[in-house]
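Read in order, the letters of the sequence shown correspond to residues 43 to 726 in this note's numbering.
Glycine is no exception: its CB is placed at the ideal position from the N, C-alpha and C atoms.
This one's a predicted model, so the numbers in the text were calculated from it and none came from an experiment.
Reviewing the structure listed below.
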Amino acid sequence: MPIPSHPSPMALTKPSTSTDSLSKSIFKKKSTSALNGIPQSAASYLSALSQADAEARARSGAASLNGSPSSTPALSISSSLTDDSEDTVLHEFDDDFERDPLSTPSPPTSFSSSYPQAQFTTVHSEFGHCANEEYRMTSSHPQGQPLEMPEEQDPPYYILLSTYVSYLILICLGHVRDFLGKRVHPGRYQHLMPRDGYAPLNSDFDSFYTRRLKTRMDECFAQPVTGVAGRTILLLDRVSPDYNHSYVFTGNRTRALNISSYNYLGFAQGYGGCADAVEEGIRRYGISSLGSRLEGGTSDLHVYGEKLVAKFVGMEDALISSMGFATNSTYIPALVGKGCLVISDELNHASIRFGVRISGAHVRMFKHNDMKSLESLLREVISQGQPKTHRPWKKILVVVEGLYSMEGTLVNLPGLMELKKRYKFYLYVDEAHSIGALGPHGRGVADYFGIDPRSIDILMGTFTKSFGAAGGYIAGSKTLIDRLRVHGHSGPYAEAMTPPVLTQVIASMASIMGIALPSNGLVEEARHPTVASPQLLPPWLNLPPALSSGSEGQTRLRRLAFNARYLHLGLRKLGFITYGHPSSPIVPLLIFNPGKMRVFHRMMKDRRTPIVVVVVAYPATPLVTSRVRFCVSAAHTKEDIDAVLRACDDVGDVLDLKHGLRPSERWSVDEITKRAVELVRSSS
43 MPIPSHPSPM ALTKPSTSTD SLSKSIFKKK STSALNGIPQ SAASYLSALS QADAEARARS
103 GAASLNGSPS STPALSISSS LTDDSEDTVL HEFDDDFERD PLSTPSPPTS FSSSYPQAQF
163 TTVHSEFGHC ANEEYRMTSS HPQGQPLEMP EEQDPPYYIL LSTYVSYLIL ICLGHVRDFL
223 GKRVHPGRYQ HLMPRDGYAP LNSDFDSFYT RRLKTRMDEC FAQPVTGVAG RTILLLDRVS
283 PDYNHSYVFT GNRTRALNIS SYNYLGFAQG YGGCADAVEE GIRRYGISSL GSRLEGGTSD
343 LHVYGEKLVA KFVGMEDALI SSMGFATNST YIPALVGKGC LVISDELNHA SIRFGVRISG
403 AHVRMFKHND MKSLESLLRE VISQGQPKTH RPWKKILVVV EGLYSMEGTL VNLPGLMELK
463 KRYKFYLYVD EAHSIGALGP HGRGVADYFG IDPRSIDILM GTFTKSFGAA GGYIAGSKTL
523 IDRLRVHGHS GPYAEAMTPP VLTQVIASMA SIMGIALPSN GLVEEARHPT VASPQLLPPW
583 LNLPPALSSG SEGQTRLRRL AFNARYLHLG LRKLGFITYG HPSSPIVPLL IFNPGKMRVF
643 HRMMKDRRTP IVVVVVAYPA TPLVTSRVRF CVSAAHTKED IDAVLRACDD VGDVLDLKHG
703 LRPSERWSVD EITKRAVELV RSSS
C-alpha cells in the first residue's frame with residue numbers, strides 16, 4: 043500500500059469548540075503556564091479542574107431542562123483535535139501545512155529537501171522518522187558477568203504514611219457512604235444485599251474497592267481510542283456528568299503521543315510491507331479459520347508459522363495458540379498434574395497462576411528473582427518429597443518470566459541455568475514481553491544473555507507485543523510439542539488463529555530475521571540465530587527489500603534498546619523512583635499515593651503535546667505501590683522521549699514525586715536531553 047509523497051492536506055487541528063473553550067479559559071485564569079506546561083501547583087490545577095467540572099454539569103443540566111440534547115464540555119486541553127475519519131496522518135511532507143511534532147517530522151538541516159522521501163517509507167505518526175545513528179544501541183548482556191539486580195529505592199516515610207492515611211480515609215468514607223446509602227437509597231444497593239435467600243454476588247473487598255476507590259479515578263482506565271496504536275494514538279474525548287459512573291463522548295478526538303501500548307518494535311502500522319502482506323492474506327484466506335486446530339481449523343499458514351517460530355526461537359518445534367493468556371492457562375495443565383511440583387516466581391502472571399491451579403500440581407513460590415531463595419526451596423522440596431507420603435516428585439517445573447510486565451525486571455537466567463545444572467529441574471520461561479524486544483537479534487532473554495535456547499526446556503511467548511499481532515506460542519522438543527498438540531485444551535476446543543493474524547506474525551517475524559537468498563534452491567543450515575529460508579514462508583509472501591533483508595528489523599531492535607535505556611536512566615537522573623532493568627522497554631515510575639494517579643494521567647494528557655500514559659494500581663500491584671507504566675517503542679524518536687522526560691519533570695515537581703537520587707546527584711532535564719547518548723552508553 044504505497045504512501046503518497048504529497049497527498050492532500052487533512053485538518054489535524056481545528057478551532058476550539060465552545061465546550062473546549064470553557065476549560066481552556068479556566069486553565070488560563072488559574073495558571074500562567076497551563077498551555078506551555080502545567081500549573082504551578084497541584085492545588086491550582088485541581089481548583090481549575092473542579093470549577094470546570096461544576097460549570098460543565100451546570101450547562102448539562104440547563105440543556106436537559108430546556109429539552110435540548112445534553113452536551114458536556116471536554117475538560118482536557120486537546121492540542122491536536124480532529125473530526126476527520128482518517129486515523130493516520132499522510133500529509134507529512136506538505137510544506138504549506140503547519141508542522142505538528144506528532145504528525146510531521148522536523149528534517150535535519152544537513153539533509154536535502156528530498157530527505158523524507160529518500161530516507162523513510164513509514165508514516166511519521168505511526169513510526170517516527172529518525173536517521174541519526176547515534177540514537178541506536180545493541181541490547182545484550184556482557185558475557186561472563188552476573189546480572190546486577192536493580193537497586194531498590196525507598197520513598198521518605200512521610201510518603202508512605204500519607205499513602206496509608208489516604209487509603210484509610212477513602213475506605214472509611216466508602217463504608218460510611220455504604221452504610222447510609224443502604225438506608226436512604228436501598229434500591230441502589232440491591233446487588234450487595236441478600237435477596238430471596240440468595241447470597242450477594244458482590245460483597246468482598248474487590249467489589250468495595252471498585253465502587254469506592256477505583257471509580258474515583260476511572261477516567262485513567264479504558265480510555266477509548268481509534269485507529270492504529272502506533273507512535274501516536276487517537277483518543278475519543280469523553281467526560282462524565284455523574285462522577286465517573288458513566289461517560290459521554292464529546293465528538294472530539296485528540297492525537298496523543300502513545301507511551302502506553304506494547305508496540306515494542308513498532309509493527310502496529312496501517313501502512314507498510316507487513317500491512318500489505320496482511321491485505322493479500324485476507325484476499326487469499328478470508329478472515330477466519332472457522333474451527334479448532336484439531337478439527338478443520340489448521341491451514342498451511344499455521345504450518346508455516348509454527349516452523350518459522352521454531353526457527354526464530356531456536357527450538358525443534360513450536361505450536362501456535364490464538365490467545366496469549368490461553369497459551370499458559372491451557373498448556374501448563376498438559377505439562378504437570380497430580381504428584382508434580384511447580385515452583386513459581388511470586389510475581390508471575392495471572393495466566394501462569396491460573397494454569398498451575400487447574401493442573402492439580404503442588405505449588406511453591408520463591409522470592410522474586412532471588413536465586414538464593416530458589417535454591418533454598420529446591421533443597422527443601424527435593425529432600426522432603428511429596429507432602430505426607432514423602433515420595434519423590436514425578437517432576438519439578440520451575441516457571442519464570444523473561445521480563446516482568448509490572449516490575450520491568452529481567453529474569454536472572456544465568457543464575458537459573460547454574461541451578462538447573464545442579465538440581466535437574468525442568469525450566470519453563472514465559473517470554474510474553476521479552477521475545478522480540480530483547481537481545482541483539484530480538485530472540486528474547488536467551489539471546490540477551492547469550493545462552494543456548496535449547497538448554498531451556500520450554501519457551502513460551504506471545505505475538506501481541508513485539509509482532510503487532512495476537513496469540514501465543516510454545517516451543518520445545520518435537521516430542522513435547524506433539525504431546526501438547528493433543529493434550530492441551532486449546533488444540534481441540536479453542537478457535538484457531540485467524541489468517542490475517544497469522545500473516546502479520548509471519549511477515550513481522552521474517553522482517554526481524556531477514557530472508558535468505560538460496561543458491562540452487564538450497565539453504566545451508568546455520569547456527570542459531572539465523573535468517574529465515576524461503577521454504578519457511580508462504581510462496582506468495584512478498585516483502586519490500588528493507589524488510590526482507592532484515593535491515594529494518596535490526597534498526598528497530600537498536601532503536602528500541604536506545605529508547606528504553608534513555609527513558610529509564612533519564613527518569614532516574616531526574617530523581618524519580620523507578621523499577622526494573624535499564625534494558626527493559628517497560629519503565630514503571632512509582633507514584634504511591636492513589637490521589638496522584640488521576641492527576642498525573644490528566645496533567646500528561648493536558649500538555650501542549652498530549653501524552654497518554656497507563657497508571658496501574660491494586661490488584662495488579664500492591665496497594666501502596668501505585669505506578670505509571672511507560673511502554674517504550676522503537677517507533678518513538680529521541681525527541682519523543684525528550685518530551686516525556688520534560689513532562690515528567692514538570693509534573694513530578696508539582697506532585698512531589700522525586701524521591702530517588704539526592705538533589706545534588708540529579709541532572710536537569712536540559713542536561714539529560716543534551717547528554718542523552720553519553721547517558722545511554724554509560725554503565726549506570
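| Query | Result |
| --- | --- |
| Nearest CA to the CA of residue 437: which residue from 382, 358 and 424? | 382 |
| Quick one: measure Cβ to Cβ for residue 675 and residue 305, integer angstroms, because I've assumed they're closer than 8 Å. | 5 Å |
| By the 10 Å Cβ neighbour count, where 16 or more other Cβ atoms means buried, how is residue 541 classified, buried or exposed? | buried |
| If you draw a straight line from the alpha carbon of residue 199 to that of residue 701, how long is it in whole angstroms? | 11 Å |
| Tell me which residue opens and which closes the beta strand (DSSP E) that residue 387 is part of. | 383-387 |
| Using three-state DSSP, classify residue 404 as helix, strand or coil. | strand |
| With 16 as the cutoff for other CB atoms within 10 Å, does residue 214 come out buried or exposed? | exposed |
| Express the C-alpha separation of residue 385 and residue 407 in angstroms, rounding to a whole number. | 5 Å |
| Terminal residues of the continuous beta strand (DSSP E) containing residue 214? | Here residue 214 belongs to no beta strand (DSSP E); instead the alpha helix (DSSP H) covers 199-226. |
| Quick one: give me the first and last residue of the beta strand (DSSP E) that residue 246 is part of. | Run containing residue 246: none; DSSP gives neither H nor E here. |
| In chain order, which beta strand (DSSP E) runs of at least 3 residues are fully inside the region 659-700? | 668-673 |
| With a threshold of 7 Å on Cβ separation, who are the neighbours of residue 405 within its own chain once the five nearest residues in sequence on each side are excluded? | 384, 386 and 398 |
| Which same chain residues end up closer than 6 Å to residue 255 when comparing Cβ atoms and leaving out the 5 residues on each side of it in sequence? | 212 |
| Report the residue from 457, 448, 253 and 320 whose alpha carbon sits nearest the alpha carbon of residue 547. | 320 |
| Taking C-alpha atoms, which residue in 415, 635, 394 and 234 lies nearest to residue 253? | 234 |
| Measure the C-alpha to C-alpha separation of residue 338 and residue 576 and round it to an integer number of angstroms. | 26 Å |
| Look at the alpha carbon of residue 106 and the alpha carbon of residue 292, and state the distance between them as a whole number of angstroms. | Any reading at residue 106 must be qualified, since the residue scores a pLDDT of 44, below 50, and its modelled position is unreliable; no value is offered. |
| Anyone know if the C-beta pair for residue 513 and residue 504 falls short of 9 Å? | yes |
| Rounded to the nearest angstrom, what separates residue 573 and residue 593 at their Cα positions? | 12 Å |
| Residue 396 bridges to which residues according to DSSP? | Answer is none; residue 396 lacks a bridge partner. |
| If you draw a straight line from the C-alpha of residue 538 to the C-alpha of residue 363, how long is it? | 7 Å |
| Can you list, in chain order, the stretches of the alpha helix (DSSP H) that have 4 or more residues and sit fully within the region 486-525? | 487-491 |
| Measure the C-alpha to C-alpha separation of residue 677 and residue 606 and round it to an integer number of angstroms. | 12 Å |
| Once you ignore the five residues that flank residue 162 on each side, which residues in its own chain have a CB closer than 6 Å to its CB? | 171 |
| Excluding five sequence neighbours on each side, which residues of the same chain lie with their C-beta closer than 8 Å to the C-beta of residue 500? | 377, 468, 469, 470, 471, 516, 517, 518 and 522 |
| Within the continuous beta strand (DSSP E) that includes residue 468, where are the two ends? | 468-472 |
| For residue 653, list the residues DSSP reports as bridge partners. | 299 |
| Rounded to a whole number of angstroms, what is the C-alpha to C-alpha distance between residue 331 and residue 543? | 11 Å |
| Return the bridge partner residues of residue 634 from the DSSP annotation. | 668 |
| Just verifying my parser: in three-state terms, what is the DSSP assignment at residue 290? | strand |
| Between 664, 635, 636 and 631, which has its C-alpha nearest residue 655's C-alpha? | 631 |
| What does residue 557 pair with, by DSSP beta-bridge criteria? | 574 |
| In angstroms, rounded to a whole number, what distance separates the CA positions of residue 294 and residue 648? | 14 Å |
| Mind checking whether residue 308 and residue 474 have CB atoms under 9 Å apart? | no |
| Cβ atoms of residue 651 and residue 687: under 9 Å apart, would you say? | no |
| Can you name the residues that DSSP bridges to residue 237? | 240 |
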